[in-house]
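A.B. asks: Sequence lines, in order, name chains A and B.
Just so we're aligned: the first sequence equals residues 1 to 289 in full-length UniProt numbering.
Just so we're aligned: the second sequence equals residues 1 to 186 in full-length UniProt numbering.
Glycine included, C-beta positions come from ideal geometry on N, C-alpha and C.
Got a structure for you, written out below as structure tokens; questions coming shortly.
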Amino acid sequence: MSDYNFAYLDEQTKRMIRRAILKGLAIPGHQVPFASREMPMPYGWGTGGVQVSAAILTPEDTLKVIDQGADDTTNAVSIRRFFQKTAGVAVTEATAQASVIQTRHRIPEADLRADQILVYQVPIPEPLRFLEPSEVETRKMHALEDYGLMHVKLYEDISQHGDIATAYAYPVKVEGRYVMDPSPIPKFDNPKLEMAGIQLFGAGREQRIYAIPPYTRVVSLDFDDYPFQPTKADHACDLCGAQNSYLDELIVDDDGGRVFMCSDTDYCSTRRKQGHVGAQGLPYAEGAT
Amino acid sequence: MQAHILEGGFADQPIEASHAFRAVMTAMARPGEILAVNGAQPPAPLSPAAGAVVLTLCDPETPIFLAASHDTPQLREWIGFHTGAPFVAAQDAMFALGTWGALPLATFPRGTAQFPDRSATVIVECDALSNSGATLRGPGIKRETQLSLPEVAAFQDNAARFPLGLDFIFTSGAHLAALSRTTKVF
């Protein structure tokens with residue numbers, strides 16, 4: 001721990017990131033440029049989220065890191081270890097015990113409290129990027145609040161697929177002004193973007209930070225006749241039996257056998273410990289996985 | 001330069017700055033919430049809370065404007081030594097520091113249409129902070145809350161210019177609160 005400055009980054013870098021976070025909170029949904037640093041992990045592995053976490057962590061924090069809802073995947077484990085080593089913070093897999101949660105592509109199933117902070121890893125922060133490749137143009141579009149192109153995209157979804165086919169990174173309008181990419185979370189998670197905790201978004205390669213303060217209005221874009229619908233696999237979790245959690249589908253044998261299970265591993269194991277058992281699950285046993 | 005100019009900074013900068021920033025961030029995310037910050041002992045007339053904010057956010061990259069109420073040689077030396085921030089006129093400021101009456105609000109940068117984040121953050125030194133007086137609504141506030149603001153009209157005008165605008169940090173003694181440009185004031 002003493003070999004590193006607290007939370008790895010130098011103090012001037014942290015001040016620069018902290019100023020960007022404050023402006024991000026003051027202008028919800030607006031992408032604030034920041035001078036992203038080289039981190040000891042490749043771009044695309046959460047360098048934006050890691051820099052935001054490094055700038056906000058205090059020694060008393062308890063950190064949880066999830067990757068697509070799971071605490072035990074490579075990305076989550078390595079980032080958790082990174083902060084254990086460089087910041088000496090406590091870590092946890094339990095959502096309720098965490099004060100800072102860094103996430104890749106999910107919002108935990110359990111409602112976050114006002115004292116919890118959610119940090120998103122963001123690959124492409126610009127919601128209009130795949131419609132307009134020029135940053136000069138997209139910045140102009142945000143300035144002019146010109147989001148017609150995004151509605152055309154959703155309309156084309158409907159004309160081609162009969163429905164809004166966008167299933168993740170579903171665009172939202174924040175506090176009636178900025179259209180924002182909520183990072184590639186499933187649209188099932190979009191309603192949870194209005195929460196009691198602070199949400200911070202960091203895109204390392206693209207050098208942008210943005211934020212949503214608590215209780216901010218976040219509306220998923222839609223049409224009157226095609227209202228926004230959060231979707232999930234039409235199934236219950238096979239391990240814990242949860243009806244209303246977001247599910248991963250796993251192929252488990254060569255005969256096409258499949259299992260649906262909660263993508264939020266902490267939510268699933270908490271339910272199993274409480275005695276819930278799904279169709280293919282075994283009752284929870286201490287020490288078993 | 002006198003010896004005491006060198007004192008009064010954070011004793012353990014990474015740790016104390018992390019605590020101070022958590023307080024500032026929470027305040028900016030939840031307008032109206034009053035939080036304690038400590039660790040800084042700046043020379044008068046700067047309050048310990050405002051001193052901690054300056055130490056946490058300011059460095060050679062952030063031009064500061066000192067209002068007449070706070071433009072003392074001693075304070076310039078203290079901020080200069082501990083942060084290295086340059087002192088500038090109001091129209092070039094990224095941070096501004098002073099009492100409410102001494103701050104030329106109309107002059108500070110409010111950002112541009114494409115970069116509304118390039119706007120000044122105004123640190124307002126207050127005699128006291130309490131959850132009474134003006135009513136606040138907006139992002140970060142569950143329903144509504146109260147904060148002892150120095151006036152109402154200036155903040156209504158500021159909110160009307162959203163997404164351009166100024167963001168405010170109010171400091172008094174060891175406490176601070178904040179108000180962003182999104183907050184509606186009644």
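Going by DSSP, what residues sit across from Leu97 of chain B in a beta bridge?
C.D. replies: Locating residue 97 of chain B in the second sequence gives position 97, counting from the first residue. Paired residues: B:Leu66 and B:Ile123.
A.B. asks: Does Phe168 of chain B come out as helix, strand or coil in the three-state DSSP assignment?
C.D. replies: On the second sequence, position 168 is the one that residue 168 of chain B refers to. Looking at Phe168 of chain B - three-state DSSP - the assignment turns out to be strand.
A.B. asks: Does the segment 160-179 of chain B touch the segment 16-32 of chain B, meaning 3 or more C-beta pairs lie closer than 8 Å?
C.D. replies: With the cut-off at 8 Å, the segment 16-32 of chain B and the segment 160-179 of chain B touch.
A.B. asks: Counting pairs of beta carbons, one from the segment 181-188 of chain A and one from the segment 4-13 of chain A, are three or more of them closer than 8 Å?
C.D. replies: No, the segment 181-188 of chain A does not touch the segment 4-13 of chain A.
A.B. asks: Between which two residues does the alpha helix (DSSP H) harbouring Val152 of chain A extend?
C.D. replies: For the purposes of this step, residue 152 of chain A is identified with residue 152 of the first sequence, where counting begins at 1. Taken as a continuous stretch (DSSP letters only), the alpha helix (DSSP H) holding Val152 of chain A covers Gly148 to His161.
A.B. asks: Can you name the start and end residues of the alpha helix (DSSP H) that Glu38 of chain A belongs to?
C.D. replies: Along the first sequence, one-based indexing puts residue 38 of chain A at 38. First-last for Glu38 of chain A: undefined, no H or E at that position.
A.B. asks: Please compile the residues from chain E whose C-beta is within a distance smaller than 7 Å of the C-beta of Leu57 of chain A.
C.D. replies: Here chain E cannot be found, since the structure's protein chains are A and B.
A.B. asks: Candidates B:Gly84, B:Gly51 and B:Leu97: which alpha carbon is nearest Asp71 of chain B's?
C.D. replies: What you label residue 71 of chain B is simply residue 71 of the second sequence in a count that begins at 1. It is B:Leu97 whose Cα lies nearest to the Cα of Asp71 of chain B.
A.B. asks: Taking buried to mean at least 16 other C-beta atoms within 10 Å of its own C-beta, is Asp234 of chain A buried or exposed?
C.D. replies: Along the first sequence, read from residue 1 onward, the residue named residue 234 of chain A stands at position 234. Exposed, by the Cβ-count rule.
A.B. asks: In the DSSP assignment, the alpha helix (DSSP H) including His235 of chain A goes from what residue to what residue?
C.D. replies: Against the first sequence, residue 235 of chain A aligns to sequence position 235. Taken as a continuous stretch (DSSP letters only), His235 of chain A belongs to no alpha helix (DSSP H), as it is neither H nor E.
A.B. asks: To the nearest angstrom, report how far apart His19 of chain B and Leu55 of chain B are at their CA atoms.
C.D. replies: The residue labelled residue 19 of chain B in the question sits at position 19 within the second sequence. The residue labelled residue 55 of chain B in the question sits at position 55 within the second sequence. Near 12 Å, if we compare the C-alpha coordinates of Leu55 of chain B and His19 of chain B.
A.B. asks: Is it true that the CB of Ile209 of chain A sits closer than 9 Å to the CB of Gln31 of chain A?
C.D. replies: Stepping through the first sequence from its first residue, residue 31 of chain A is reached at position 31. Stepping through the first sequence from its first residue, residue 209 of chain A is reached at position 209. In this structure, Ile209 of chain A lies closer than 9 Å to Gln31 of chain A by Cβ.
A.B. asks: Identify which residue in A:Met39, A:Ala242 and A:Arg258 has its Cα closest to the Cα of Glu249 of chain A.
C.D. replies: Position 249 of the first sequence holds residue 249 of chain A. For the residues A:Met39, A:Ala242 and A:Arg258, the minimum Cα distance to Glu249 of chain A belongs to A:Arg258.
A.B. asks: Look up Phe10 of chain B in the DSSP assignment and say whether it is helix, strand or coil.
C.D. replies: Numbered from its first residue, the second sequence carries residue 10 of chain B at position 10. Note: Phe10 of chain B maps to coil in three-state DSSP.
A.B. asks: Report the residue ranges of all beta strand (DSSP E) runs contained in full by the segment 15-92 of chain A; include only those spanning at least 3 residues, in chain order.
C.D. replies: Counting only runs of 3 or more, we get 62-67.
A.B. asks: Below 9 Å between beta carbons: does that hold for Leu247 of chain A and Lys232 of chain A?
C.D. replies: Here residue 247 of chain A corresponds to residue number 247 of the first sequence, with the count starting at 1. Here residue 232 of chain A corresponds to residue number 232 of the first sequence, with the count starting at 1. For Leu247 of chain A and Lys232 of chain A, yes; Cβs fall inside 9 Å.
A.B. asks: In the DSSP output, which residue or residues are listed as bridge partners for Ala177 of chain B?
C.D. replies: Working through the second sequence from its first residue, we reach residue 177 of chain B at position 177. B:Phe170, per the DSSP bridge assignment.
A.B. asks: Answer with buried or exposed for Met1 of chain A, where buried requires no fewer than 16 other C-beta atoms within 10 angstroms of its C-beta.
C.D. replies: Counting from one through the first sequence, the residue named residue 1 of chain A turns up at place 1. Residue placement at Met1 of chain A is flagged as unreliable, the pLDDT there being 48, under the threshold of 50; the coordinate-derived value follows with that caveat. With fewer than 16 other Cβ atoms within 10 Å, it is exposed.
A.B. asks: Excluding sequence positions up to five away, which residues of its chain have a Cβ less than 8 Å from the Cβ of Pro27 of chain A?
C.D. replies: Here residue 27 of chain A corresponds to residue number 27 of the first sequence, with the count starting at 1. Looking at the sequence provided, one finds Ile at residue 27 of chain A rather than Pro. Taken in chain order, the residues that qualify are Tyr178.
A.B. asks: Residues of chain A with a CB under 8 Å from the CB of Pro163 of chain B: which are they?
C.D. replies: For the purposes of this step, residue 163 of chain B is taken as residue 163 along the second sequence, with counting starting at 1. Those are Ile27, His30, Arg177 and Tyr178, listed as they occur along chain A.
A.B. asks: Are the Cβ atoms of Leu57 of chain B and Val24 of chain B separated by less than 9 Å?
C.D. replies: Here residue 57 of chain B corresponds to residue number 57 of the second sequence, with the count starting at 1. Here residue 24 of chain B corresponds to residue number 24 of the second sequence, with the count starting at 1. A contact, by the Cβ cut-off of 9 Å.
A.B. asks: With Thr62 of chain B and Cys126 of chain B assumed to form a contact (beta carbons below 8 Å), what rounded beta-carbon distance in angstroms separates them?
C.D. replies: Here the question's residue 62 of chain B lines up with position 62 in the second sequence. Here the question's residue 126 of chain B lines up with position 126 in the second sequence. Not really, about 22 Å apart at Cβ, beyond 8 Å.
A.B. asks: Of all the CB atoms in chain A, is at least one closer than 9 Å to the CB of Leu57 of chain B?
C.D. replies: Residue numbering aside, residue 57 of chain B sits at position 57 when the second sequence is read from its first letter. Interface residue, yes.
A.B. asks: For Asn5 of chain A, which residues in the same chain have their Cβ closer than 6 Å to its Cβ, ignoring the five residues on either side in sequence?
C.D. replies: Residue numbering aside, residue 5 of chain A sits at position 5 when the first sequence is read from its first letter. Excluding sequence neighbours, Asn5 of chain A sits near nothing in its chain.
A.B. asks: Among B:Val185, B:Thr183 and B:Ala174, whose alpha-carbon lies nearest the alpha-carbon of Pro48 of chain B?
C.D. replies: Along the second sequence, one-based indexing puts residue 48 of chain B at 48. That would be B:Ala174, whose Cα lies nearest to the Cα of Pro48 of chain B.
A.B. asks: Can you list the alpha helix (DSSP H) stretches of 4 or more residues lying completely in the segment 234-287 of chain A, in chain order?
C.D. replies: Whole alpha helix (DSSP H) segments, 4+ residues: 265-273.
A.B. asks: Evaluate Asp117 of chain B with the Cβ neighbour count: other Cβ atoms within 10 Å of its Cβ, from every protein chain shown; 16 or more gives buried, anything less gives exposed.
C.D. replies: Within the second sequence, numbered from 1, the residue matching residue 117 of chain B stands at position 117. Burial call: buried.
A.B. asks: Would you mind sorting Arg22 of chain B into buried or exposed? The rule is 16 or more other CB atoms within 10 Å of its CB.
C.D. replies: Residue mapping note: residue 22 of chain B aligns to position 22 of the second sequence, counting from 1. It counts as buried.
A.B. asks: So, is Thr112 of chain B buried or exposed, given that buried needs 16 or more other C-beta atoms within 10 angstroms?
C.D. replies: Position 112 of the second sequence, counted from the start, is the residue given in the question as residue 112 of chain B. By the 10 Å Cβ count, Thr112 of chain B comes out exposed.
A.B. asks: Using beta carbons (cut-off 9 Å, strictly below), is Met1 of chain A in contact with chain B?
C.D. replies: Mapped onto the first sequence, residue 1 of chain A falls at position 1. Here Met1 of chain A scores only 48 on pLDDT, less than 50, and its place in the model is too uncertain to base an answer on.
A.B. asks: Determine the chain B residues that contact Glu11 of chain A at a beta-carbon separation under 7 Å, and present them in chain order.
C.D. replies: Along the first sequence, read from residue 1 onward, the residue named residue 11 of chain A stands at position 11. Ordered by position in chain B, the residues that pass the 7 Å Cβ test against Glu11 of chain A are Gln13, Pro14 and Ala17.
A.B. asks: Can you pull the DSSP bridge partners for Ala203 of chain A?
C.D. replies: Translated into positions along the first sequence, residue 203 of chain A becomes position 203. Answer is A:Arg208.
A.B. asks: At a Cβ cut of 9 Å, what residues of the segment 100-122 of chain B count as close to chain A, listed as they run along the chain?
C.D. replies: The residues in question are Gly111, Thr112, Ala113, Gln114, Phe115, Pro116, Asp117, Arg118, Ser119 and Thr121.
A.B. asks: Within 10 angstroms of its Cβ, does Lys192 of chain A collect 16 or more other Cβ (buried), or is it exposed?
C.D. replies: As a first step, residue 192 of chain A must be located in the first sequence, where it is residue number 192. So Lys192 of chain A ends up on the buried side.
A.B. asks: Give me the Cβ distance between Thr121 of chain B and Phe81 of chain B, rounded to the nearest whole Å; I'm assuming they're in contact under 8 Å.
C.D. replies: Here residue 121 of chain B is taken as the residue at index 121 of the second sequence, counted from 1. Here residue 81 of chain B is taken as the residue at index 81 of the second sequence, counted from 1. Contact doesn't hold; Cβ gap of about 21 Å is too wide.
A.B. asks: Using a Cβ-Cβ cut-off of 9 Å, state whether Ile141 of chain B counts as contacting chain A.
C.D. replies: The residue given as residue 141 of chain B occupies position 141 in the second sequence. Yes, because at least one Cβ of chain A sits closer than 9 Å to the Cβ of Ile141 of chain B.
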